[in-house]
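Colleague:
Numbering (my numbering), first residue to last: -5 to 356.
1) Taking residue 104 as part of the beta strand (DSSP E), name the residues at either end of that continuous run.
2) Verify the CB distance criterion: does residue 79 have a CB-CB separation below 9 Å to chain B?
3) Check whether the region 3 to 22 and the region 215 to 231 are in contact - that is, three or more C-beta pairs closer than 8 Å.
4) What's the gap between the Cα of residue 298 and the Cα of residue 51?
5) Using the C-alpha atoms, what's the distance from residue 333 back to residue 283?
6) Which residues share a DSSP beta bridge with residue 333?
7) How long is the line joining the alpha carbons of residue 311 and residue 17, rounded to whole angstroms?
8) Identify every residue that forms a DSSP beta bridge with residue 222.
9) On the premise that residue 141 lies in contact with residue 126, defined as a C-beta separation below 8 Å, what is that separation, rounded to the nearest angstrom?
10) Can you tell which of 348, 79, 305, 349 has the C-alpha that lies nearest to the C-alpha of residue 329?
11) Less than 9 Å between the beta carbons of residue 184 and residue 292, yes or no?
12) State yes or no: is the C-beta of residue 324 within less than 9 Å of the C-beta of residue 150?
13) Count the other CB atoms within 10 Å of the CB of residue 281; is the residue buried (16 or more) or exposed (fewer)?
14) How many Å lie between residue 296 and residue 336 at the Cα?
15) For residue 27, does the count of other Cβ atoms within 10 angstroms reach 16, so buried, or fall short, so exposed?
Here it is, written out as structure tokens:
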């Protein structure tokens, strides 16, 4: 028997891509999957080593995280986010489950989320049985709400929000006494720009502000399920208490791996350069094929359009063995765009670019 809650949720979007995956796999050179934001590059060896050395872990971990991990997150937040004033931190089991459950944890009656956005913002509002409203970035036009999601650099568009836009969002939060959650999981992956955290503009007043960060992409740790939140101590205390009751604990070996990863910037710089190099290869190939690149100045994706139905673009690329994501997965405003992920090997990215150029006879 299907639960009433399941009936309210949409079908899982990526299931609709299955026929295009079948078509792409028929290409003589095989499929090049650029549809998912899942890293393929190896987890840095020093992180793997820490995980392996921590394998003897017979006891339950703490929900709050080890003192070493808490300190690592704090130190990282000060140096990389520019946060000041009072704040707290909490490790979580990957950012997706956190995004999905935060509106429930915070008992949010009305949730705002970007018009073009990661689908889990909407799913989280549905799970909480909240009223959900899609909004533009200009917070001066936002309605009253309990919670608002912000995403910069944005998935899927790669847009980086300006200081003025982020300050207006903080002003909206203070005026409405509403929670703002800034999803900043791609913060360290700018390409010619330097994305900034919302906390760079909070002036030390972090009330009702939270930021979500993940090690999935920056450290190739998607399989570890390693993320954390930073911000308002009162909100984090409430979230921590709920998670303690629900048994939501990050495994101790993962906590130790997170501690090591947060203490090193060199591997992140290497990953950033790798993704930006892949972007530089794919962008001109897509442009030769008639795609217009929009935003795409940070993160792991290229957001582009040929001013046609997104599924037509997806189908055209599937014919040459390349699987991409229709922009309609991220909201109606994306119905003529596709998202192209740079989460394939360097060889596969070069092959994809060559196939695209060859397909148009350029």
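For every residue, glycine included, the Cβ atom is placed at its ideal position computed from N, Cα and C.
Modeller: On the basis of the supplied data:
1) Where residue 104 is concerned, the enclosing beta strand (DSSP E) stretches over 104 to 108.
2) Here chain B cannot be found, since the structure has a single protein chain.
3) Fewer than three beta-carbon pairs drawn from the region 3 to 22 and the region 215 to 231 are found closer than 8 Å, and the two stretches are therefore not classed as touching.
4) Their backbone Cα atoms lie some 46 Å apart in a straight line.
5) Inter-residue distance for residue 283 and residue 333 is about 15 Å (C-alpha atoms, whole angstroms).
6) DSSP lists 297, 319 as partners of residue 333.
7) Their Cα atoms are separated by approximately 10 Å.
8) In the DSSP assignment, residue 222 is bridged to 85, 207.
9) Residue 126 to residue 141, Cβ: 10 Å. No contact.
10) Nearest option by C-alpha distance: 305.
11) Between residue 184 and residue 292, the gap from beta carbon to beta carbon is short of 9 Å.
12) The answer is yes: Cβ separation under 9 Å.
13) With a threshold of 16 other beta carbon atoms within 10 Å, residue 281 falls short and is exposed.
14) Going from the Cα of residue 296 to the Cα of residue 336 covers about 8 Å.
15) Counting of Cβ neighbours within 10 angstroms places residue 27 among the buried residues, the total reaching 16 or more.
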